[in-house]
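What follows is a single structure, written as structure tokens, with notes after it.
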Amino acid sequence: MSRLQKALFLSDKGYKGLKKAIIACTITNLTMLLPFCVTVMIFSELLTPFVGGTIQWAHIWMLWGVGVISLVLIFLAAKNDYRKTYIASYKESNATRVRIAERLRRLPMNFFNTKDLSEITTHMMADCSSMESMLSSTIPPLVANVITVTLTCILLAFFDWRLALCMFCTLPIAFLIIWLSRNYQKKLFARQVDAKLAASGQVQEYLEGMKIIKSCGLSGSRFSELDKSLRIMKKISVKVEMAIGVFMSSASMVLQAGIGITIFVGTVLLVNGSIELLPLFMFMLMVTRIYGPILAIFSQLSTLLNLHVVTKRMRTLFTIRTMEGDEKTIPNYDIELEHVTFCYHTEDVIKDVSCRLSQGTVTALVGPSGSGKSTLSKLIARFWDIQSGIIRVGGKDVRTIEPESLMQYMSFVFQDVTLFNDTIINNIRLGNPNATDEQVIAAAKAAYCDEFVQDMSEGYQTVLGENGSTLSGGERQRISIARALLKDAPIILLDEATASLDPENEVLVQKAIAKLVEGKTVIMIAHRLRTVVDADQILVLENGRLVENGTHKELMDKKGLYQKLYRIQQESLGWTV
Amino acid sequence: MLNAKPKQMKSKTGLARCMELASNKKGLIFLSAILSSLAAIASYIPYIAVYFIIRSIIQVYPELSQLDIGAVMSYGWMALGGVVANILFYFLAIFSSHLAAFGTLYELKLLFADHITKLPLGYHLTIGSGRLRKIMDENIESIEGFIAHQFPDFVASVTAPIVMVILLLTVDWRFGLVSMVGIILAFVAEFIGFGSKDMKENMRNYQTALEEMNNASVEYVRGMSVVKAFNQTASSFKRLKDAIHDYTEWVLKYSLGWQNCMPAFTTIINNIYLLLVPFGIFIGTYSTDYKNFTITFIFYLIFVPAIAGILNKIMYISQSFMQINGNVARMDEILHIPEMPESIHPKKPGNDDVIFEKVRFSYTGKESEIAIDQVSFTARKGEITAIVGPSGSGKSTIANLISRFWDVTDGCIKIGDVDIRDIAQDDLLRHVSFVFQDIFLFKQSILDNIRMGNQNATEAQVIKAAKAAQCHDFISKLPEGYHTIVGTKGIHLSGGERQRIAIARAIIKDSPIIVLDEATAFSDPENEYFIQKAFEELMQGKTVIIIAHRLSTIRNAHKIIVMEKGRLIEEGKHDQLVAAGGRYAQMWNHYIEAVDWKISGKGSVINE
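Residue numbers (the numbering used here), protein chains in the order written: chain Y, 76 to 652; chain G, 556 to 1163.
Listed below in structure tokens is the structure:
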């Protein structure tokens, strides 16, 4: 694979398309030289009377004819290159977007629990867009410029190497200026990017903390962190522009000094009689035009050299390990953990946990926040793969089970309920896409959703807004329970609500959960210890370790952490203002 | 202050609006426009110099010994001078335009940030912080390109052709006219593309498709964990894929709509000489002074191609204008939302009682969607007033109205006999502390986070407040104590710890009225005890309004207000209300039931 293809993250087809686009652009560039040639030849005809001949108007008419033909050629070439570049680049970015989407769905579940998720997506989509425009309007013309300038340089050298040398002798120096300033520019760019990120972070904070900012009277420039970061960004941006301007301008001046050199040397050569009038004219005309494309290359040089930066995020995405596994079925729903250890970002989150959860029993996970309760439950569903130890579901190592198949056996009722911009009925139907309307409504009734759904303007056909922001916490939870009821998976992972719901809502959620867990293998993250006193097994976690294990009665008798937590909670329940 | 808020009824859009936004930097922008025009004009000089050289050669040709070498050399210097002038002018033009641009961006962002805090908070919820952020990070940012590059380029590309046309016409008006025909033809080709209805239609479709694709991809990723949990990746993938294909189809349609105009434009500006040639032949045939004719003809042949570079720029400028229009419009949409009216003669609140008088309020302004209806009550200083009711009953709305996050539709809210609309916004906000609506900590030191409640607090005062809020112990254990930056790697604050910092913030703010939302409180049972103690510190001697969920908490409140469907239906003390056997009594029974709920394999609700 060529470096360009790699740097641009192109498919084979896209790479081929790019090559074609470059060729098309080069052809356009070359046809653009035709008017120049015709003009020079017209000059030559016009000058014949000065060297003793007579003017042949017919010849000029002929040249004009050639010019008209070349005009048609230019149009055709330009149209061809326009079509080639745009079609190729849009098709390619279409393919890249689909490729990213395809990849995303194969990533481990945990990837989708990070907070900056939508940011990752938007960035990636923006990367695709900027690649799209690079492929269509930056790279092909630029590479074509390099080819055309080189070709022209060689051609001119054939005509008269001395003047060709005059014309291009400044090029290496100018190039050197740009090249040497590259590192400095890079450093400045990096600082600018940092400043931009910092400012954007402050904007985010400002928006998220709006209520506090308002109530503390810190709006606008009075929120000094925002003001500071915007100020820094302004300063560094001006500096970057200034630096680029200085380098580009000096390189451009050096380069175009070639105009003077060509004129001086040319005149001397002409007077000495060592060059004909026409070639000199040709060079003089050429010298006023040749530097434009070279300067275009210069100004885009850093972009060209840093193409891989644009695609960096995409490539990172493809280095994240996807989850493998072929097993599709499991014989029973016993869950076993053996010496399970799991680190996240080099931090041990779960340390050497072993336990057994039998089919059809209720297991509660309790412990202070940060003790690893929810991580442990998610490991069973294979949101992550563990570093050491083994997790078995139905006697099979979860790492050998195809992630999608494993999901078929599990339902989640978590606190953060994701709802889609779709009708209520479709949001519930997510649990089982084959369910009939009647089945969906039955599940909704069982989960106590029916009443509030009926209250909505269009009942089950009501479209929820973005992430269903109009629904209350309790209503969202009941929808997620309805989904789980519809899915009817044998293993249920449950996270007890932490945000207190109003009593009525809470009773309804509890009733719905009761229906859901009947006869299932249940793993429940409990916050209110009273809820789980009847659980078959209670696992008490602290700092990622399993410290106690048993039924409520056993643990109370033990007078350990569980008993302590239970006592504190009973006390605070009685608190009044 | 920046003149960014459109005052007149009919506000400007597009280019005019951009100029209005940058009006603070008028001087710099004007300067950059002049410099960039000068740069464009200087770019003609090398062509003219080359023409002069060719002319002096032709005039003596073939007797080269008569050639005035000195004159030719000075033309060479003239060409070089033109180059240098072009570069220098352009550099200075771009530099001053960037100064103007970044300065404008800075001011505009602050202005925008300031403006959005003055809007009723409800707008933030409906607009969404994502969109506001996009406006600040991207849409406003795009104005930079306009002021820094497009505007000076635009001015140059208008003045430079004018200067060129004058030059072309003065040397020989006949050739000049013919060249103008070429320039006009090129513009015609371009405007055919812009003007056509199809193109506008395609542009709209293309932008809609783009937006839909972006939304689809955000939803795709956001919903991925759920979709995966329910084995639905195939269908959600298909939805995104369709959106991507749609986008590609429209963007191609739009781009290919230019496939004739763009190449035609390029072709024409590079071939204007073809118009000159037949005309030249015609004049040449009848010319008596062949030498002069040749020199003039050659001048046009040399000079006319110079126009290509400048006209090319116009092409790009007009394309980016279209985008900037959209970006500015998006920003203006927000800037046009009227700020909350501030009283002209603000009054100070007399005492700290909060009084609701027949308050009616609707989020949407529609009579059918009334959130609060005819609510009247008084929350007295030094007392605890609790508001209870099912979700959607309007209790959070009451809390939001007190800080004037919204204005009431009817009736009024008073603090110590003064309508809150007559109190200066800053004053009001100083008077009311809102705890637990959102527990948001800024990525600053814990000290600064607490100090946010009172910018003038000393470190000692901050620590005192932290102690009162039960956070001193855990803060001291952090690697850098109070100077630990929130959100640094390895620093984990639990929900309860964050809540206690928020309480410390309220304690240091020491406002006489406290609004407490219990909904998000107690999310961390093991911290509950500490939080409760912190609460007690905070509430001493204040007017406390508590939105309660756990009814046991408020048994001892001085007054309990029961809300249902936006109406106040019961009011009194716990015992009275329970005894009355109304709605509250019913809720209390539910509550007892919920507290005793237990889960077991049989899946049944057990009541003890």
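Built from N, CA and C at the ideal position, the CB exists for glycine as well.
In this structure residue 965 (chain G) touches residue 913 (chain G) by the C-beta definition: roughly 7 Å separates them, less than 8 Å.
By the C-beta criterion, the region 1045-1057 of chain G is judged to be in contact with the region 979-998 of chain G, since at least 3 inter-stretch pairs fall below 8 Å.
For residue 157 (chain Y), the residues of chain G that pass the 8 Å Cβ criterion are 813, 814, 817, 818, in the order they occur in the chain. A straight-line Cα-Cα distance of about 55 Å links residue 644 (chain G) and residue 181 (chain Y). Secondary structure at residue 426 (chain Y): strand, using DSSP grouped into helix, strand and coil. Around the C-beta of residue 254 (chain Y), fewer than 16 other C-beta atoms lie within 10 Å, and the residue is accordingly described as exposed.
One alpha carbon belongs to residue 905 (chain G), the other to residue 972 (chain G), and they sit about 7 Å apart. With a threshold of 16 other beta carbon atoms within 10 Å, residue 327 (chain Y) meets it and is buried. Listed in chain order, the positions of the region 282-294 of chain Y with a beta carbon within less than 8 Å of a beta carbon of chain G are 282, 283, 284, 285, 286, 287, 288, 289, 290, 291, 292, 293, 294. Counted as a single uninterrupted DSSP element, the stretch harbouring residue 1144 (chain G) is not any beta strand (DSSP E) but the alpha helix (DSSP H) occupying residues 1138-1150.
In the structure shown, the three-state DSSP call for residue 312 (chain Y) is helix. In this structure, DSSP gives residue 363 (chain Y) a state outside helix and strand, which the three-state scheme calls coil. A residue is called buried once 16 or more other Cβ atoms fall within 10 Å of its Cβ, and residue 1135 (chain G), having fewer, is exposed. The continuous stretches of beta strand (DSSP E) do not include residue 646 (chain G), which lies in the alpha helix (DSSP H) extending over residues 624-672. The three-state reading of DSSP puts residue 1104 (chain G) in coil, since its state is none of H, G, I, E or B.
Per the Cβ contact rule, the region 1011-1031 of chain G is not in contact with the region 930-949 of chain G (fewer than 3 Cβ pairs under 8 Å).
The DSSP-derived three-state label of residue 417 (chain Y) is strand.
Fewer than three Cβ pairs drawn from the region 889-905 of chain G and the region 727-734 of chain G lie within less than 8 Å of each other, which leaves the two stretches out of contact. It is roughly 11 Å from the alpha-carbon of residue 860 (chain G) to the alpha-carbon of residue 738 (chain G).
Any Cβ of chain Y closer than 8 Å to the Cβ of residue 961 (chain G) would place that residue at the interface, and such an atom is absent. By the Cβ test, the region 274-293 of chain Y is not in contact with the region 644-656 of chain G, since fewer than three Cβ pairs between them sit closer than 8 Å. Residue 792 (chain G): member of the alpha helix (DSSP H) spanning 788-811, first to last residue. Using a C-beta cut-off of 8 Å, the region 572-579 of chain G makes no contact with the region 615-629 of chain G, since fewer than three inter-stretch Cβ pairs fall below that distance.
Separation of the CB atoms of residue 129 (chain Y) and residue 211 (chain Y) is rounded to 51 Å, and the pair is thereby denied contact status at 8 Å. Its chain contains 1040, 1041, 1042 as the residues whose beta carbon lies nearer than 8 Å to that of residue 998 (chain G), once the 5 sequence neighbours on both sides are disregarded; these appear in chain order. Excluding sequence positions up to five before and after residue 241 (chain Y), its CB lies within less than 7 Å of the CB of 333, 336, 337, 340, all in the same chain and listed in chain order. In the displayed model, residue 976 (chain G) falls within a helix according to three-state DSSP. Rounded to the nearest whole angstrom, the CA to CA distance from residue 689 (chain G) to residue 305 (chain Y) is 16 Å.
Contact between the region 771-785 of chain G and the region 167-179 of chain Y is present, with at least three C-beta pairs closer than 8 Å. Counted as a single uninterrupted DSSP element, the stretch harbouring residue 631 (chain Y) is not any beta strand (DSSP E) but the alpha helix (DSSP H) occupying residues 627-633. Residue range 965-970 is occupied by the beta strand (DSSP E) that includes residue 969 (chain G). The DSSP assignment places complete alpha helix (DSSP H) segments of no fewer than 4 residues inside the region 244-325 of chain Y at 245-283, 285-290, in order along the chain. The DSSP-derived three-state label of residue 881 (chain G) is helix. Beta-bridge analysis with DSSP links residue 485 (chain Y) to Y:566.
For residue 105 (chain Y), the uninterrupted alpha helix (DSSP H) segment begins and ends at 87-122. The shortest CA-to-CA distance from residue 1121 (chain G) to any of G:927, G:1105, G:1098 is the one to G:927.
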